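Novice:
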Amino acid sequence: MKNAANAKLSFLGAAENVTGSRHLLEVGNVKILVDCGLYQERDFRDRNWDKFVFVPAELDAVLLTHAHLDHCGLLPKLVLEGFKGKVFCTEATAEIARIVMLDCGHIMEEDAKYKKKRHKREKRKSPRPIVPLYTVKDAEACASHFSKVRYKEPVVIADGVEATFYDAGHILGASMIKVRVPIDGEKRTVLFSGDIGRSDRPIIDDPSVFEEADYVLIESTYGDRVHKSVEDARIKFAEAINAAQKAGGNIVVPSFAIERSQEILYYLNDLILDGKIGPLKVFLDSPMAIRVTEVFKDHPELFDSEMTELLNNHESPFAFDELKMARTTNESKAIKEARGTSMIIAGSGMCTGGRVKHHLVNNISRPESTLIFVGYQAFGTLGRLIVDGAEEVRILGQKYKVKAKVVTVNGFSAHADRDELYQWLSNLKKAPKEVFVVHGEKESAHQFRDYLEEKTGWKITAPKYGDQALLQ
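Yeah, the sequence shown ends on 471 if you go by numbering that gives the first Met the number 0, and it's all consecutive.
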(Lines of atoms letter the chains of each structure in order from A and count residues from 1; the text may use other names and numbers.)
(Lines give C-alpha, C1' and ligand atoms only; values in the text may rest on other atoms or scores of the structure.)
Protein backbone atom coordinates (compact mmCIF):
# COMPACT_ATOMS: atom_id res chain seq x y z
CA MET A 1 0.00 0.00 0.00
CA LYS A 2 2.04 2.90 -1.34
CA ASN A 3 -0.57 5.57 -1.96
CA ALA A 4 -3.91 5.16 -0.20
CA ALA A 5 -6.82 6.85 -1.90
CA ASN A 6 -8.69 7.26 1.35
CA ALA A 7 -8.03 7.56 5.03
CA LYS A 8 -10.25 8.10 8.02
CA LEU A 9 -10.22 8.50 11.77
CA SER A 10 -12.89 6.96 14.02
CA PHE A 11 -13.34 8.32 17.53
CA LEU A 12 -14.26 5.28 19.63
CA GLY A 13 -13.52 6.60 23.11
CA ALA A 14 -12.49 9.72 25.03
CA ALA A 15 -14.83 11.71 22.77
CA GLU A 16 -16.85 14.23 24.83
CA ASN A 17 -15.65 12.30 27.87
CA VAL A 18 -12.30 11.68 29.52
CA THR A 19 -11.67 7.94 29.78
CA GLY A 20 -11.81 4.98 27.38
CA SER A 21 -9.28 6.48 24.95
CA ARG A 22 -9.51 4.69 21.58
CA HIS A 23 -8.91 6.10 18.09
CA LEU A 24 -8.94 4.02 14.90
CA LEU A 25 -6.82 5.23 11.98
CA GLU A 26 -7.56 3.53 8.65
CA VAL A 27 -5.37 4.20 5.63
CA GLY A 28 -6.34 2.08 2.64
CA ASN A 29 -6.37 -1.46 3.99
CA VAL A 30 -4.15 -0.64 7.00
CA LYS A 31 -5.87 -0.35 10.39
CA ILE A 32 -4.12 1.10 13.42
CA LEU A 33 -5.67 1.54 16.86
CA VAL A 34 -4.18 4.31 18.99
CA ASP A 35 -4.77 3.42 22.66
CA CYS A 36 -7.26 0.88 23.98
CA GLY A 37 -8.45 2.30 27.30
CA LEU A 38 -10.98 1.36 29.93
CA TYR A 39 -14.00 3.55 30.59
CA GLN A 40 -14.08 4.64 34.23
CA GLU A 41 -17.03 7.08 34.35
CA ARG A 42 -20.11 5.38 35.78
CA ASP A 43 -22.30 6.52 32.86
CA PHE A 44 -20.02 4.89 30.28
CA ARG A 45 -18.78 1.69 31.98
CA ASP A 46 -21.22 -0.49 30.03
CA ARG A 47 -19.21 0.35 26.90
CA ASN A 48 -16.36 -1.75 28.32
CA TRP A 49 -18.55 -4.83 27.80
CA ASP A 50 -19.59 -3.97 24.23
CA LYS A 51 -18.02 -5.81 21.33
CA PHE A 52 -15.46 -3.72 19.45
CA VAL A 53 -16.95 -2.00 16.39
CA PHE A 54 -13.99 -3.28 14.34
CA VAL A 55 -12.60 -6.80 14.04
CA PRO A 56 -9.60 -7.02 16.41
CA ALA A 57 -7.89 -9.65 14.25
CA GLU A 58 -7.84 -7.20 11.34
CA LEU A 59 -5.80 -4.57 13.18
CA ASP A 60 -2.24 -4.18 11.92
CA ALA A 61 -1.04 -2.69 15.20
CA VAL A 62 -1.88 -0.84 18.39
CA LEU A 63 0.06 2.31 19.28
CA LEU A 64 -0.02 2.94 23.02
CA THR A 65 0.62 6.47 24.27
CA HIS A 66 1.03 5.55 27.93
CA ALA A 67 0.17 3.17 30.74
CA HIS A 68 -2.77 4.83 32.48
CA LEU A 69 -5.78 2.52 32.74
CA ASP A 70 -7.98 4.76 30.58
CA HIS A 71 -5.47 4.30 27.75
CA CYS A 72 -4.30 0.68 28.11
CA GLY A 73 -6.90 -1.02 30.32
CA LEU A 74 -8.95 -2.70 27.57
CA LEU A 75 -5.99 -4.37 25.82
CA PRO A 76 -6.69 -7.76 27.51
CA LYS A 77 -10.22 -7.72 26.07
CA LEU A 78 -8.81 -6.81 22.65
CA VAL A 79 -6.52 -9.87 22.77
CA LEU A 80 -9.37 -12.04 24.06
CA GLU A 81 -11.44 -11.04 21.04
CA GLY A 82 -8.76 -11.96 18.52
CA PHE A 83 -6.05 -9.28 18.23
CA LYS A 84 -2.79 -10.94 17.21
CA GLY A 85 -0.56 -8.00 16.29
CA LYS A 86 1.98 -5.86 18.11
CA VAL A 87 1.41 -3.15 20.71
CA PHE A 88 4.09 -0.51 20.10
CA CYS A 89 5.14 1.63 23.08
CA THR A 90 8.18 2.68 25.09
CA GLU A 91 9.91 0.23 27.41
CA ALA A 92 8.73 2.03 30.57
CA THR A 93 5.16 2.08 29.24
CA ALA A 94 5.28 -1.67 28.53
CA GLU A 95 6.55 -2.42 32.06
CA ILE A 96 4.01 -0.18 33.79
CA ALA A 97 1.09 -1.23 31.56
CA ARG A 98 1.70 -4.86 32.49
CA ILE A 99 1.53 -3.94 36.19
CA VAL A 100 -1.62 -1.86 35.64
CA MET A 101 -3.45 -4.55 33.67
CA LEU A 102 -2.53 -7.34 36.10
CA ASP A 103 -3.75 -5.20 38.98
CA CYS A 104 -6.96 -4.36 37.13
CA GLY A 105 -7.59 -8.03 36.33
CA HIS A 106 -7.08 -8.92 39.99
CA ILE A 107 -9.46 -6.18 41.16
CA MET A 108 -12.08 -7.28 38.61
CA GLU A 109 -11.86 -10.86 39.86
CA GLU A 110 -12.11 -9.77 43.51
CA ASP A 111 -14.96 -7.35 42.79
CA ALA A 112 -16.92 -10.09 41.04
CA LYS A 113 -16.45 -12.44 44.02
CA TYR A 114 -17.46 -9.73 46.49
CA LYS A 115 -20.49 -8.71 44.43
CA LYS A 116 -21.68 -12.32 44.18
CA LYS A 117 -21.46 -12.72 47.97
CA ARG A 118 -23.23 -9.42 48.56
CA HIS A 119 -26.06 -10.21 46.16
CA LYS A 120 -26.48 -13.64 47.75
CA ARG A 121 -26.58 -12.09 51.22
CA GLU A 122 -29.05 -9.41 50.11
CA LYS A 123 -31.04 -11.94 48.01
CA ARG A 124 -30.65 -9.76 44.95
CA LYS A 125 -30.71 -10.91 41.33
CA SER A 126 -28.31 -9.41 38.81
CA PRO A 127 -29.59 -8.61 35.28
CA ARG A 128 -26.50 -10.34 33.86
CA PRO A 129 -23.95 -12.92 35.08
CA ILE A 130 -21.47 -11.51 37.60
CA VAL A 131 -18.12 -12.22 35.96
CA PRO A 132 -14.94 -10.14 35.61
CA LEU A 133 -14.47 -8.23 32.36
CA TYR A 134 -11.12 -9.99 32.20
CA THR A 135 -8.88 -11.94 34.56
CA VAL A 136 -5.25 -11.83 35.68
CA LYS A 137 -4.54 -14.63 33.21
CA ASP A 138 -6.09 -12.58 30.40
CA ALA A 139 -3.96 -9.57 31.36
CA GLU A 140 -0.84 -11.73 31.43
CA ALA A 141 -1.59 -12.89 27.88
CA CYS A 142 -1.00 -9.33 26.62
CA ALA A 143 2.68 -9.33 27.53
CA SER A 144 3.81 -11.16 24.38
CA HIS A 145 2.22 -8.49 22.16
CA PHE A 146 4.33 -5.57 23.39
CA SER A 147 7.05 -4.27 21.08
CA LYS A 148 9.29 -1.66 22.69
CA VAL A 149 10.33 1.51 20.87
CA ARG A 150 12.69 4.40 21.57
CA TYR A 151 11.80 8.06 21.48
CA LYS A 152 12.38 9.76 18.11
CA GLU A 153 13.17 6.51 16.26
CA PRO A 154 10.59 5.85 13.46
CA VAL A 155 8.91 2.44 13.41
CA VAL A 156 7.45 0.98 10.21
CA ILE A 157 3.91 -0.22 10.93
CA ALA A 158 2.96 -1.22 7.37
CA ASP A 159 4.05 -0.44 3.83
CA GLY A 160 4.25 3.36 3.65
CA VAL A 161 3.05 3.91 7.24
CA GLU A 162 5.44 4.78 10.06
CA ALA A 163 5.07 6.00 13.63
CA THR A 164 7.48 8.00 15.79
CA PHE A 165 7.15 8.33 19.57
CA TYR A 166 8.09 11.51 21.50
CA ASP A 167 8.24 12.28 25.22
CA ALA A 168 4.85 13.60 26.42
CA GLY A 169 6.12 14.76 29.83
CA HIS A 170 3.00 13.25 31.43
CA ILE A 171 4.05 10.05 33.22
CA LEU A 172 7.16 7.89 32.96
CA GLY A 173 7.44 6.61 29.40
CA ALA A 174 4.38 8.52 28.13
CA SER A 175 4.39 9.43 24.45
CA MET A 176 2.98 11.69 21.81
CA ILE A 177 2.82 9.74 18.55
CA LYS A 178 3.36 11.15 15.06
CA VAL A 179 2.04 8.86 12.33
CA ARG A 180 3.05 9.46 8.68
CA VAL A 181 0.69 8.01 6.09
CA PRO A 182 0.42 8.14 2.27
CA ILE A 183 -2.79 9.73 0.94
CA ASP A 184 -3.26 10.34 -2.79
CA GLY A 185 0.46 10.38 -3.46
CA GLU A 186 1.22 12.78 -0.61
CA LYS A 187 2.63 12.11 2.84
CA ARG A 188 0.35 13.27 5.64
CA THR A 189 1.14 13.57 9.32
CA VAL A 190 -1.38 12.70 12.06
CA LEU A 191 -0.24 13.78 15.52
CA PHE A 192 -1.77 12.11 18.58
CA SER A 193 -1.03 14.20 21.67
CA GLY A 194 -1.92 11.49 24.19
CA ASP A 195 -2.00 13.18 27.59
CA ILE A 196 0.14 16.31 27.57
CA GLY A 197 2.23 16.98 30.65
CA ARG A 198 3.34 20.28 32.10
CA SER A 199 6.68 22.01 31.89
CA ASP A 200 8.95 22.24 34.92
CA ARG A 201 7.36 19.26 36.69
CA PRO A 202 9.41 17.10 39.04
CA ILE A 203 10.98 13.76 38.08
CA ILE A 204 10.48 13.67 34.29
CA ASP A 205 11.33 15.86 31.29
CA ASP A 206 9.10 18.50 29.66
CA PRO A 207 6.64 17.67 26.84
CA SER A 208 7.95 17.54 23.27
CA VAL A 209 6.78 20.21 20.81
CA PHE A 210 6.17 20.08 17.06
CA GLU A 211 6.43 22.58 14.21
CA GLU A 212 4.25 20.78 11.65
CA ALA A 213 1.34 18.35 11.43
CA ASP A 214 -1.55 17.93 9.01
CA TYR A 215 -3.99 16.62 11.63
CA VAL A 216 -3.78 16.91 15.42
CA LEU A 217 -5.70 15.12 18.16
CA ILE A 218 -5.29 17.16 21.34
CA GLU A 219 -6.49 16.27 24.82
CA SER A 220 -8.73 18.68 26.77
CA THR A 221 -8.99 17.26 30.29
CA TYR A 222 -8.38 20.75 31.68
CA GLY A 223 -9.26 22.65 28.51
CA ASP A 224 -11.71 24.87 30.38
CA ARG A 225 -9.49 26.05 33.23
CA VAL A 226 -6.07 27.26 34.31
CA HIS A 227 -4.17 25.52 37.11
CA LYS A 228 -2.88 27.26 40.15
CA SER A 229 0.90 27.39 40.28
CA VAL A 230 2.87 24.46 41.66
CA GLU A 231 4.04 26.65 44.51
CA ASP A 232 0.43 27.50 45.41
CA ALA A 233 -0.37 23.78 45.37
CA ARG A 234 2.67 23.02 47.52
CA ILE A 235 1.58 25.63 50.09
CA LYS A 236 -2.03 24.36 50.13
CA PHE A 237 -0.81 20.78 50.51
CA ALA A 238 1.39 21.73 53.49
CA GLU A 239 -1.43 23.71 55.11
CA ALA A 240 -3.83 20.77 54.79
CA ILE A 241 -1.27 18.41 56.33
CA ASN A 242 -0.53 20.74 59.24
CA ALA A 243 -4.24 21.32 59.91
CA ALA A 244 -4.89 17.57 59.92
CA GLN A 245 -2.03 17.01 62.35
CA LYS A 246 -3.45 19.68 64.63
CA ALA A 247 -6.91 18.06 64.47
CA GLY A 248 -5.41 14.68 65.26
CA GLY A 249 -6.97 12.84 62.33
CA ASN A 250 -5.60 10.84 59.43
CA ILE A 251 -4.99 12.11 55.91
CA VAL A 252 -6.25 9.94 53.07
CA VAL A 253 -4.87 10.75 49.61
CA PRO A 254 -6.56 8.84 46.77
CA SER A 255 -3.76 8.78 44.25
CA PHE A 256 -3.02 7.31 40.87
CA ALA A 257 -0.32 4.67 41.21
CA ILE A 258 1.61 5.99 38.24
CA GLU A 259 3.41 9.33 38.51
CA ARG A 260 1.00 10.97 40.96
CA SER A 261 1.97 8.75 43.90
CA GLN A 262 5.65 9.28 43.06
CA GLU A 263 5.16 13.05 42.73
CA ILE A 264 3.37 13.20 46.09
CA LEU A 265 6.32 11.40 47.67
CA TYR A 266 8.62 13.89 45.95
CA TYR A 267 6.74 16.88 47.38
CA LEU A 268 6.42 15.30 50.83
CA ASN A 269 10.17 14.71 50.92
CA ASP A 270 10.71 18.30 49.80
CA LEU A 271 8.37 19.70 52.51
CA ILE A 272 10.04 17.59 55.18
CA LEU A 273 13.53 18.69 54.11
CA ASP A 274 12.35 22.35 54.13
CA GLY A 275 10.73 21.98 57.57
CA LYS A 276 7.31 23.05 56.23
CA ILE A 277 5.49 20.09 57.84
CA GLY A 278 6.05 18.26 61.09
CA PRO A 279 7.02 14.60 61.51
CA LEU A 280 4.45 12.47 59.71
CA LYS A 281 3.97 8.74 59.24
CA VAL A 282 3.37 8.09 55.55
CA PHE A 283 1.97 4.82 54.20
CA LEU A 284 2.09 4.06 50.50
CA ASP A 285 -0.71 1.50 50.47
CA SER A 286 -0.81 0.44 46.85
CA PRO A 287 1.00 -2.68 45.70
CA MET A 288 0.76 -1.33 42.18
CA ALA A 289 2.26 2.06 43.14
CA ILE A 290 5.07 0.25 44.97
CA ARG A 291 5.84 -1.85 41.88
CA VAL A 292 5.63 1.20 39.63
CA THR A 293 8.04 3.04 41.95
CA GLU A 294 10.52 0.22 41.32
CA VAL A 295 10.11 0.82 37.56
CA PHE A 296 10.96 4.49 38.17
CA LYS A 297 14.17 3.43 39.87
CA ASP A 298 15.06 1.29 36.86
CA HIS A 299 14.72 4.15 34.37
CA PRO A 300 16.90 7.07 35.55
CA GLU A 301 17.53 7.93 31.88
CA LEU A 302 13.99 9.39 31.82
CA PHE A 303 14.53 11.68 34.84
CA ASP A 304 14.97 15.44 34.59
CA SER A 305 18.05 17.23 35.94
CA GLU A 306 16.52 18.06 39.36
CA MET A 307 15.59 14.44 40.05
CA THR A 308 19.01 13.25 38.89
CA GLU A 309 20.65 15.73 41.26
CA LEU A 310 18.55 14.46 44.19
CA LEU A 311 19.61 10.89 43.49
CA ASN A 312 23.24 11.92 43.15
CA ASN A 313 22.94 13.53 46.60
CA HIS A 314 21.42 10.31 48.01
CA GLU A 315 18.12 12.09 48.72
CA SER A 316 15.69 9.81 46.90
CA PRO A 317 12.06 10.90 47.48
CA PHE A 318 11.14 7.22 47.36
CA ALA A 319 13.01 6.31 50.54
CA PHE A 320 12.62 8.92 53.34
CA ASP A 321 12.61 7.79 56.98
CA GLU A 322 8.89 7.95 57.79
CA LEU A 323 7.75 6.21 54.57
CA LYS A 324 6.32 2.71 54.97
CA MET A 325 5.33 0.51 52.06
CA ALA A 326 2.20 -1.58 52.68
CA ARG A 327 2.59 -4.52 50.32
CA THR A 328 0.32 -7.16 51.85
CA THR A 329 -3.35 -7.10 52.79
CA ASN A 330 -2.45 -7.55 56.46
CA GLU A 331 -0.06 -4.57 56.32
CA SER A 332 -2.85 -2.52 54.77
CA LYS A 333 -5.35 -3.53 57.45
CA ALA A 334 -2.85 -2.72 60.21
CA ILE A 335 -2.65 0.95 59.15
CA LYS A 336 -5.86 1.81 61.00
CA GLU A 337 -4.16 0.77 64.26
CA ALA A 338 -1.37 3.36 63.85
CA ARG A 339 -1.45 6.07 66.53
CA GLY A 340 -1.32 9.78 65.76
CA THR A 341 -1.78 11.33 62.35
CA SER A 342 -0.88 9.18 59.37
CA MET A 343 -0.96 10.02 55.69
CA ILE A 344 -2.30 7.13 53.64
CA ILE A 345 -1.61 7.31 49.91
CA ALA A 346 -3.71 4.64 48.24
CA GLY A 347 -5.30 3.81 44.91
CA SER A 348 -7.35 4.21 42.99
CA GLY A 349 -7.05 7.90 42.21
CA MET A 350 -10.78 8.34 41.49
CA CYS A 351 -11.82 5.99 44.33
CA THR A 352 -13.33 3.53 41.85
CA GLY A 353 -11.62 0.49 43.38
CA GLY A 354 -8.59 -0.71 45.28
CA ARG A 355 -7.50 -0.22 48.89
CA VAL A 356 -8.46 3.45 49.15
CA LYS A 357 -12.10 2.44 49.57
CA HIS A 358 -11.31 0.67 52.85
CA HIS A 359 -9.41 3.73 54.13
CA LEU A 360 -12.35 5.93 53.16
CA VAL A 361 -14.66 3.64 55.15
CA ASN A 362 -12.39 4.11 58.17
CA ASN A 363 -12.04 7.89 57.86
CA ILE A 364 -14.76 9.56 55.76
CA SER A 365 -17.17 9.97 58.68
CA ARG A 366 -14.51 11.26 61.10
CA PRO A 367 -14.55 15.09 61.36
CA GLU A 368 -10.91 15.11 62.48
CA SER A 369 -9.75 13.32 59.31
CA THR A 370 -8.91 14.93 55.97
CA LEU A 371 -9.32 13.70 52.40
CA ILE A 372 -6.90 15.34 49.97
CA PHE A 373 -7.65 14.94 46.26
CA VAL A 374 -4.64 15.60 44.05
CA GLY A 375 -5.85 14.41 40.64
CA TYR A 376 -8.68 14.63 38.14
CA GLN A 377 -12.00 13.11 39.25
CA ALA A 378 -14.08 11.96 36.28
CA PHE A 379 -17.82 12.58 36.28
CA GLY A 380 -19.77 9.80 37.99
CA THR A 381 -16.85 8.43 40.03
CA LEU A 382 -16.90 8.19 43.83
CA GLY A 383 -14.07 10.71 43.99
CA ARG A 384 -16.07 13.22 41.95
CA LEU A 385 -19.13 12.78 44.20
CA ILE A 386 -17.02 13.55 47.28
CA VAL A 387 -15.24 16.51 45.67
CA ASP A 388 -18.58 17.93 44.49
CA GLY A 389 -19.83 18.01 48.08
CA ALA A 390 -21.98 14.89 48.53
CA GLU A 391 -23.20 14.62 52.11
CA GLU A 392 -23.48 10.85 51.90
CA VAL A 393 -21.81 8.30 49.64
CA ARG A 394 -22.02 4.56 49.08
CA ILE A 395 -18.78 2.63 49.60
CA LEU A 396 -18.50 -1.16 49.38
CA GLY A 397 -22.25 -1.51 49.49
CA GLN A 398 -22.80 0.67 52.58
CA LYS A 399 -23.74 4.33 53.00
CA TYR A 400 -21.44 6.70 54.91
CA LYS A 401 -21.85 10.35 55.95
CA VAL A 402 -19.11 12.61 54.60
CA LYS A 403 -17.85 14.39 57.72
CA ALA A 404 -14.12 14.45 57.00
CA LYS A 405 -12.61 17.66 55.66
CA VAL A 406 -12.30 17.53 51.85
CA VAL A 407 -9.39 19.40 50.22
CA THR A 408 -8.67 19.58 46.50
CA VAL A 409 -5.15 20.44 45.35
CA ASN A 410 -5.22 20.80 41.55
CA GLY A 411 -1.76 22.26 41.02
CA PHE A 412 -0.16 18.80 41.10
CA SER A 413 -1.99 17.75 37.95
CA ALA A 414 0.06 15.87 35.35
CA HIS A 415 -2.20 17.32 32.63
CA ALA A 416 -1.54 20.64 30.91
CA ASP A 417 -4.23 23.29 31.48
CA ARG A 418 -5.97 25.44 28.85
CA ASP A 419 -3.15 27.93 28.44
CA GLU A 420 -0.46 25.24 28.42
CA LEU A 421 -2.38 23.22 25.81
CA TYR A 422 -2.72 26.31 23.63
CA GLN A 423 0.98 27.08 24.04
CA TRP A 424 1.85 23.52 22.97
CA LEU A 425 -0.34 23.82 19.86
CA SER A 426 1.09 27.27 19.07
CA ASN A 427 4.46 25.71 18.21
CA LEU A 428 2.97 24.66 14.84
CA LYS A 429 4.30 27.06 12.23
CA LYS A 430 1.30 26.73 9.91
CA ALA A 431 -2.32 25.78 10.32
CA PRO A 432 -3.05 22.06 10.27
CA LYS A 433 -5.90 20.82 8.09
CA GLU A 434 -7.93 20.06 11.22
CA VAL A 435 -7.54 19.82 14.99
CA PHE A 436 -9.66 17.33 16.92
CA VAL A 437 -10.33 18.07 20.61
CA VAL A 438 -10.62 14.80 22.54
CA HIS A 439 -10.16 13.39 26.04
CA GLY A 440 -12.27 15.93 27.91
CA GLU A 441 -15.76 16.10 29.37
CA LYS A 442 -18.26 17.58 26.91
CA GLU A 443 -18.26 21.05 28.48
CA SER A 444 -14.47 21.17 28.71
CA ALA A 445 -13.95 19.90 25.15
CA HIS A 446 -16.46 22.34 23.67
CA GLN A 447 -15.11 25.31 25.61
CA PHE A 448 -11.59 24.48 24.53
CA ARG A 449 -12.71 24.05 20.91
CA ASP A 450 -14.30 27.50 20.97
CA TYR A 451 -11.24 28.98 22.67
CA LEU A 452 -8.90 27.54 20.02
CA GLU A 453 -11.15 28.70 17.17
CA GLU A 454 -11.08 32.24 18.51
CA LYS A 455 -7.33 32.23 19.14
CA THR A 456 -6.18 30.56 15.91
CA GLY A 457 -8.91 30.74 13.26
CA TRP A 458 -8.12 27.11 12.44
CA LYS A 459 -10.62 24.33 11.78
CA ILE A 460 -11.28 22.84 15.22
CA THR A 461 -13.66 19.94 15.89
CA ALA A 462 -14.83 18.28 19.13
CA PRO A 463 -15.94 14.84 17.85
CA LYS A 464 -18.71 12.82 19.45
CA TYR A 465 -18.44 9.15 20.34
CA GLY A 466 -18.49 7.13 17.12
CA ASP A 467 -17.82 10.09 14.79
CA GLN A 468 -15.59 9.60 11.77
CA ALA A 469 -13.42 12.09 9.92
CA LEU A 470 -12.07 11.70 6.39
CA LEU A 471 -8.41 12.68 5.97
CA GLN A 472 -7.21 14.25 2.73
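Backbone N, C-alpha and C define an ideal beta-carbon position, used for all residues, glycine too. Just so it is clear, the structure is predicted and the values come from calculations on it, not from any experiment.
In this structure, does DSSP put G346 in helix, strand or coil?
Specialist: Residue numbering aside, residue 346 sits at position 347 when the sequence shown is read from its first letter. If DSSP states are grouped into helix, strand and coil, G346 belongs with coil.
Novice: Would DSSP call T64 helix, strand or coil?
Specialist: As a position in the sequence shown, residue 64 is number 65, starting the count at 1. In this structure, T64 counts as coil in the three-state DSSP scheme.
Novice: Provide the residue(s) that pair with P181 in DSSP beta bridges, ordered along the chain.
Specialist: Along the sequence shown, one-based indexing puts residue 181 at 182. Answer by DSSP bridge pairing, in chain order: K186.
Novice: Within 10 Å of its beta-carbon, does E336 have 16 or more other beta-carbons around it, so buried, or fewer, so exposed?
Specialist: Against the sequence shown, residue 336 aligns to sequence position 337. So E336 ends up on the exposed side.
Novice: With a cut-off of 8 Å, do at least 3 Cβ pairs link the stretch 428-437 to the stretch 451-470?
Specialist: Flag = yes, the stretch 428-437 and the stretch 451-470 touch.
Novice: Provide the residue(s) that pair with M100 in DSSP beta bridges, ordered along the chain.
Specialist: As a position in the sequence shown, residue 100 is number 101, starting the count at 1. Paired residue(s): none; M100 is not in a bridge.
Novice: What are the boundary residues of the beta strand (DSSP E) that includes V281?
Specialist: Numbered from 1 along the sequence shown, position 282 holds the residue referred to as residue 281. Counting along the chain, the beta strand (DSSP E) containing V281 begins and ends at K280 to D284.
Novice: Quick one: Cα of A173 to Cα of R120, how far?
Specialist: On the sequence shown, residue 173 is found 174 positions in, with the first residue counted as 1. On the sequence shown, residue 120 is found 121 positions in, with the first residue counted as 1. Rounded to the nearest angstrom, the two C-alpha atoms are 44 Å apart.
Novice: In terms of residue numbering, what span does the beta strand (DSSP E) encompassing R365 cover?
Specialist: Start at 1 with the first residue of the sequence shown, and residue 365 comes out as number 366. Neither: R365 is in no beta strand (DSSP E) and is coded neither H nor E.
Novice: Short check: CB of G84 to CB of V61, under 8 Å?
Specialist: For the purposes of this step, residue 84 is identified with residue 85 of the sequence shown, where counting begins at 1. For the purposes of this step, residue 61 is identified with residue 62 of the sequence shown, where counting begins at 1. Yes. Within cutoff.
Novice: May I ask which residues mark the beginning and end of the alpha helix (DSSP H) holding K402?
Specialist: Here residue 402 corresponds to residue number 403 of the sequence shown, with the count starting at 1. Where K402 is concerned, there is no enclosing alpha helix (DSSP H), given that its DSSP letter is neither H nor E.
Novice: Near L322, which residues of its chain fall below 6 Å by C-beta distance, leaving aside the five closest residues on each side in sequence?
Specialist: Residue 322 sits at position 323 when you count from the first residue of the sequence shown. Hits under 6 Å: V281.
Novice: Assuming contact is defined by CB atoms lying nearer than 8 Å, are I271 and F319 in contact in what I supplied?
Specialist: The residue you call residue 271 lines up with position 272 of the sequence shown. The residue you call residue 319 lines up with position 320 of the sequence shown. A contact, by the Cβ cut-off of 8 Å.
Novice: Among S331, L267, E262 and P278, which residue has its Cα nearest to the Cα of D284?
Specialist: Mapped onto the sequence shown, residue 284 falls at position 285. Of the candidates S331, L267, E262 and P278, the one whose C-alpha sits nearest the C-alpha of D284 is S331.
Novice: In the structure shown, what three-state DSSP assignment does K356 receive?
Specialist: Numbered from 1 along the sequence shown, position 357 holds the residue referred to as residue 356. Residue state, collapsed to three classes: helix.
Novice: If you drop the 5 nearest sequence neighbours on each side, which residues of the same chain put their C-beta closer than 6 Å to that of K235?
Specialist: Residue 235 sits at position 236 when you count from the first residue of the sequence shown. The answer, listed in chain order, is V408.
Novice: Please list the terminal residues of the continuous beta strand (DSSP E) segment that includes Y165.
Specialist: Taking the first residue of the sequence shown as 1, we reach residue 165 at position 166. Taken as a continuous stretch (DSSP letters only), the beta strand (DSSP E) holding Y165 covers V160 to D166.
Novice: When the distance is taken between beta carbons, is L32 closer than 8 Å to L8?
Specialist: Translated into positions along the sequence shown, residue 8 becomes position 9. Translated into positions along the sequence shown, residue 32 becomes position 33. In this structure, L32 does not lie closer than 8 Å to L8 by Cβ.
Novice: Which complete alpha helix (DSSP H) runs does the stretch 35-94 hold, if anything under 4 residues is left out?
Specialist: Counting whole runs of 4 or more residues, the stretch 35-94 contains the alpha helix (DSSP H) stretches 68-71 and 74-79.
Novice: Pairing CB atoms from the stretch 38-49 with CB atoms from the stretch 96-107, are three or more of them under 8 Å?
Specialist: Touching, no, given that fewer than three Cβ pairs across the two stretches are closer than 8 Å.
Novice: Tell me whether the beta-carbon of E210 lies closer than 8 Å to the beta-carbon of L451.
Specialist: Against the sequence shown, residue 210 aligns to sequence position 211. Against the sequence shown, residue 451 aligns to sequence position 452. It is not a contact, given that the beta carbons lie outside the stated cut-off.
Novice: Just mark G388 as buried or exposed, buried being the case when its beta carbon has 16 or more other beta carbons within 10 Å.
Specialist: As a first step, residue 388 must be located in the sequence shown, where it is residue number 389. Answer is exposed; the Cβ neighbour count stays below 16.
Novice: By how many angstroms is the C-alpha of M175 removed from the C-alpha of A444?
Specialist: As a first step, residue 444 is located in the sequence shown; it is residue number 445 there, counting from the start. As a first step, residue 175 is located in the sequence shown; it is residue number 176 there, counting from the start. Roughly 19 Å separates the two Cα atoms.
Novice: Under the DSSP definition of a beta bridge, which residues are partnered with D194?
Specialist: Indexing the sequence shown from 1 puts residue 194 at position 195. Per DSSP, none; premise fails for D194.
Novice: To the nearest angstrom, report how far apart M324 and V360 are at their CA atoms.
Specialist: Translated into positions along the sequence shown, residue 324 becomes position 325. Translated into positions along the sequence shown, residue 360 becomes position 361. Computed Cα separation, rounded: 20 Å.
Novice: Apart from the five residues just before and just after A415, which ones in its own chain have a Cβ nearer than 6 Å to its Cβ?
Specialist: Translated into the one-based positions of the sequence shown, residue 415 becomes position 416. Counting only Cβ-Cβ distances below 6 Å, and skipping sequence neighbours, we find I195 and R197.
Novice: For S304, count neighbouring C-beta atoms within 10 Å of its own C-beta (all shown protein chains included) and say buried if the count is 16 or more, exposed if not.
Specialist: Position 305 of the sequence shown, counting from 1, holds the residue named residue 304. S304 is exposed by the Cβ-count criterion.
Novice: Mind checking G274: buried by the 16 CB within 10 Å criterion, or exposed?
Specialist: Within the sequence shown, the letter at position 275 stands for residue 274. The residue is exposed, with fewer than 16 neighbouring Cβ atoms inside 10 Å.
Novice: Could you give the first and the last residue of the continuous alpha helix (DSSP H) run that contains I263?
Specialist: Taking the sequence shown and counting its residues from 1, one reaches residue 263 at position 264. From DSSP, the alpha helix (DSSP H) with I263 extends over R259 to L272.
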